Structure formats: C-alpha cells, structure tokens
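Chains as they are written, first to last, in the numbering used here: chain A, 410 to 590; chain B, 410 to 590.
If you want it as structure tokens, here you go:
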C-alpha cells in the first residue's frame, strides 16, 4: 500500500516535472523567435501584408510551406474588399489555393493571430504548425476569444508559435488604421 | 434610500420578467418550428443536402435568402471532396457566391448547426438570421463548442433559430454515415 502510494506520488511528480520542462522549452523557443526579427517565410508573409495595404485591404499576409521540402505552396494577402467576400482572409486564400483537403505536410505563416474562422479552417485542413506574428486580443481565435484549438470539440490541434516578427506586423496594422482615420 | 432600494428591486424584477417572457416566446417559436416539417427555404436546403450526399459529400445544404424580397440569393451543398477544399462547407459557398461583403439583408437556412468556421463567417458577413436544422454536439460552433456568437469578441450576433426540420436533416446525416461504414 505504502509502495503504491510512493509510486503514485513519483508518477505525479514526474508528470508535473515533464509539463514544467515542456513549458520552459516552449517559452525558450518562443522567446528566441521573438528575438528573431523574422524568418524567410514570415518575411514573405509580411510582404503580402504590405501589398494588401497598398490595395486598401487590412494588411495581413499568409504563406503556406511544405515543411518536408521547404517549398512555398501558396502566398496571399487579404482580399476581402477586392473580392467582396467576408471570408477572403489571407489564411483562407492560401488554403484554398493549394487544392488539397488535408494539409498535414504544411506549415502556415501568418502575420496576425488567426480569427476563429481561420483557426477552425486550419484545424479542418490539419495543418502541422501555425506561426503567427502580432496577437489580436479583439478578433483572434487562437490565444483570445474562442481559443478554437483548446475546445474539446477541436479534432486537430496544430503546434502554435506566436509572436514571430510581431512588432513589424503590428506596426503595419497600426499604420494602416491610423491612416484610415 | 428605501425608495431607491424599492426602485432597484422593481427594475431587477422587471428585467427578469422580460427575460423570462422573451424565453417563453422564443421557446414557443422554436417548438412550433420543430412541429413544422419544414419551410420552403429549408426544403431547398434539404434538397441541396440530398444532392451533396449523391456526390459523396457529407449531406449539408444551405440557402441564402433576401428577407426583404424573399428572393433566393444562393443555394449550395457541401463540396469539400469535389473541390478538395476543407473550407468548402455549404454555408461558406453560399456566402462566397453572393459577392457582397456585408449580407445584412440576408437570412441563412442551413440543415446542420454551423461549425465555428462558418459561424464566424456568418458573423463577419453580418447575416440577419440563422435558421438551422439538426444540432451538432461534436462539431457545432453555435450551441456547442466555441459558441462563437456568445463570445465577447463577436462583433455581430445574428438571430438564431435551431431545430427547423431537424429530424429530416439529422436522418440524412445518419443514413449517410451508416452507409459509409
């Protein structure tokens, strides 16, 4: 009985130690990512966001990458105004462009935290990793609001890395909305 | 002070009375809707769902209606497999077909409770009313899971009427998945 108790305590301790360790590693990775000004794929997404702003769209860009070959599968910026389509967010456009129902071989780079619509679509498409730039406390659905991937009804959760080139991405958005006012 | 207290109590009582009354009316409407086998627009959505099943798609159909003129703006069934597009749900397709960013003049009829992706898109497009058929406890995002419209970050909430021709819509889905097994 005492042995069982000790084993259980050990297991519980191990469980928390592993969790804690994972968190430390994750925070380390994320902190390092924040320190990186950007990555080549996030740079491409940022260029798409700049192009979107030039078209009068909210400056958000996305790039879909095959992580096995590092090949770019699709790039897009927001086209909500141009297509007169409320669903034409950058993330949705890159996913549609690839014409593959399952994107298990793909990583998505997007300059802003995806909204609940895009987050749910990312889950449906079974994208492996999501790298996003600026956080979106008002409209985001990953770290804010719905927190789509944290729902028990979410059947696929990608690995999420936020804050990549966040300052530049947020700066683009701030500039866009300041000029619009 | 006593007067203020009485007024407050009165206000609180009124508030709950109105809420309760609204709930009774809503339940009455919903119950009556359940009793109606269908409505002309939900019939069209069900036909789209039947057609989708014939194409090997999950049988969900949607119809978008201009509520001012009662004119059908778009009809669609799921085309996820056909288009190899995880976002090609019936609701998304009808919204895209209309080519209007804001659909404040439109009501949406769909045979299944929308998922979080479609619910968020409905909110972005500012659709006035959502009528849906069967509930979806595993994948829904309106009455289950994310409950997109109940989030504080949701900027437009349509009026929602669930359970319209629910038995027929649910029957179609059950038949489809039974035959697939």
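Just so it is clear, CB atoms sit at the ideal spot from N, CA and C, and this is done for glycine as well.
Predicted model, so just to flag it, every value in this text is computed and none were measured.
Where are the beta strand (DSSP E) runs, 3 residues long or more, that stay fully inside the stretch 544 to 577 of chain B, in chain order?
568 to 570
Chain-ordered chain C contacts of residue 510(B) [CB-CB under 8 Å]:
Absent from the structure is chain C; the protein chains it does hold are A and B.
Residue 512(B) - DSSP class collapsed to helix/strand/coil
Working through the second chain from its first residue, we reach residue 512(B) at position 103. If DSSP states are grouped into helix, strand and coil, residue 512(B) belongs with coil.
Count the other C-beta atoms from every protein chain shown that fall within 10 angstroms of the C-beta of residue 523(B), then say buried if there are 16 or more, exposed otherwise.
Here the question's residue 523(B) lines up with position 114 in the second chain. Buried is the call here.
C-alpha gap between residue 505(B) and residue 574(B), whole angstroms
Looking up residue 505(B) in the second chain gives position 96. Looking up residue 574(B) in the second chain gives position 165. In a straight line, the C-alpha of residue 505(B) is about 25 Å away from that of residue 574(B).
Mind checking who residue 475(A) pairs with in its DSSP beta bridge?
Looking up residue 475(A) in the first chain gives position 66. Partner(s): 480(A), 515(A).
Short of 7 Å Cβ to Cβ, which residues in the stretch 558 to 572 of chain A face chain B?
560, 562
Length of the line joining the Cα atoms of residue 496(B) and residue 469(B)
Here residue 496(B) is taken as the residue at index 87 of the second chain, counted from 1. Here residue 469(B) is taken as the residue at index 60 of the second chain, counted from 1. About 13 Å.
To the nearest angstrom, how far is it from the Cα of residue 501(A) to the Cα of residue 571(A)?
In the first chain, counting from the first residue as 1, residue 501(A) sits at position 92. In the first chain, counting from the first residue as 1, residue 571(A) sits at position 162. Those two C-alpha atoms are separated by around 18 Å.
Span of the alpha helix (DSSP H), counted from its first residue to its last, around residue 494(B)
For the purposes of this step, residue 494(B) is identified with residue 85 of the second chain, where counting begins at 1. Unbroken run through residue 494(B): none, as it is neither H nor E.
Starting from residue 527(B), trace the alpha helix (DSSP H) in both directions and tell me its first and last residue.
Locating residue 527(B) in the second chain gives position 118, where the first residue counts as 1. Unbroken alpha helix (DSSP H) run through residue 527(B): 525 to 533.
Could you say which of 499(A), 514(A), 563(A) lies nearest to residue 541(A) if we only look at CA atoms?
In the first chain, residue 541(A) corresponds to position 132, counting from 1. The option with the nearest alpha carbon to residue 541(A) is 499(A).
Three CB pairs or more closer than 8 Å across the stretch 471 to 480 of chain A and the stretch 511 to 528 of chain A
yes
Under a Cβ-count criterion, where at least 16 other Cβ atoms within 10 Å of its own Cβ denotes burial, should residue 588(A) be classed as buried or exposed?
Numbered from 1 along the first chain, position 179 holds the residue referred to as residue 588(A). It is exposed - the Cβ of residue 588(A) has fewer than 16 other Cβ atoms within 10 Å.
Using the Cα positions of residue 532(A) and residue 458(A), report the straight-line distance between them to the nearest angstrom.
Here the question's residue 532(A) lines up with position 123 in the first chain. Here the question's residue 458(A) lines up with position 49 in the first chain. Using only the alpha carbons, I get a separation of about 23 Å.
Report yes or no: is there a C-beta of chain B within less than 7 Å of the C-beta of residue 575(A)?
Your numbering for residue 575(A) matches position 166 in the first chain. Judged by the 7 Å Cβ criterion, residue 575(A) is not in contact with chain B.
Output the boundary residues of the alpha helix (DSSP H) element that contains residue 449(A).
Here residue 449(A) refers to the residue found at position 40 when the first chain is read from its first residue. Segment 449 to 463, the alpha helix (DSSP H) holding residue 449(A).
Just tell me which of 582(B), 456(B), 485(B) has its CA closest to the CA of residue 543(B).
On the second chain, position 134 is the one that residue 543(B) refers to. Selected option, being the one with the closest Cα: 582(B).
Can you list the residues of chain A that residue 514(B) reaches, using a CB-CB cut of under 8 Å?
For the purposes of this step, residue 514(B) is taken as residue 105 along the second chain, with counting starting at 1. Within chain A, no residue comes near residue 514(B); the closest Cβ sits about 14 Å away, beyond 8 Å.
Do residue 507(B) and residue 539(B) have their CB atoms nearer than 7 Å?
The sequence position of residue 507(B) within the second chain is 98, counting from 1. The sequence position of residue 539(B) within the second chain is 130, counting from 1. Contact: no.
Just tell me which of 503(A), 466(A), 547(A), 484(A) has its CA closest to the CA of residue 530(A).
Counted from its first residue, the first chain places residue 530(A) at position 121. Ranking 503(A), 466(A), 547(A), 484(A) by Cα distance to residue 530(A) puts 503(A) first.
Separation of residue 448(A) from residue 514(B), as counted between CA atoms:
One-based indexing of the second chain puts residue 514(B) at position 105. One-based indexing of the first chain puts residue 448(A) at position 39. Cα to Cα, the separation comes out at about 43 Å.
With DSSP as the reference, identify every bridge partner of residue 485(A), one or two as the case may be.
Numbered from 1 along the first chain, position 76 holds the residue referred to as residue 485(A). Answer is 471(A), bridged to residue 485(A).
DSSP state of residue 537(B), grouped into three classes?
Residue numbering aside, residue 537(B) sits at position 128 when the second chain is read from its first letter. Of the three classes helix, strand and coil, the one that applies to residue 537(B) here is coil, per DSSP.
Against chain A, which members of the stretch 526 to 546 of chain B pass a CB distance test of less than 7 Å?
526, 529, 530, 533, 534
Are the beta-carbon atoms of residue 535(A) and residue 565(A) separated by less than 7 Å?
For the purposes of this step, residue 535(A) is identified with residue 126 of the first chain, where counting begins at 1. For the purposes of this step, residue 565(A) is identified with residue 156 of the first chain, where counting begins at 1. Yes, the pair counts as a contact, with Cβ atoms nearer than the cut-off.
Counting only beta-carbon atoms, is residue 580(B) nearer than 7 Å to chain A?
Along the second chain, one-based indexing puts residue 580(B) at 171. Chain A contact via Cβ: absent.
Give a yes or no on whether the minimum CB-CB distance between residue 465(B) and chain A is below 7 Å.
In the second chain, residue 465(B) corresponds to position 56, counting from 1. It does not: the Cβ of residue 465(B) has no partner Cβ on chain A nearer than 7 Å.
Take residue 450(B) and list the residues in its own chain whose beta-carbon comes closer than 6 Å to its own, dropping the five residues that flank it on each side.
To locate residue 450(B), count along the second chain from 1; it is residue 41. Result list for residue 450(B): 472, 474, 518, in chain order.
For residue 554(B), decide whether its Cβ has a neighbour in chain A, counting only Cβ atoms nearer than 7 Å.
Sequence index remark: in the second chain, residue 554(B) carries index 145 (1-based). Answer yes: the Cβ-Cβ gap between residue 554(B) and chain A drops below 7 Å somewhere.
Straight-line CA distance for residue 456(A) to residue 580(B)?
As a position in the first chain, residue 456(A) is number 47, starting the count at 1. As a position in the second chain, residue 580(B) is number 171, starting the count at 1. One C-alpha to the other measures close to 48 Å.
Cut-off 6 Å between Cβ atoms - residues of its own chain near residue 441(A), not counting five sequence neighbours on either side:
Translated into positions along the first chain, residue 441(A) becomes position 32. Per-residue confidence for residue 441(A) stands at a pLDDT of 49, beneath the threshold of 50, marking its modelled position as unreliable; no derived number is given.
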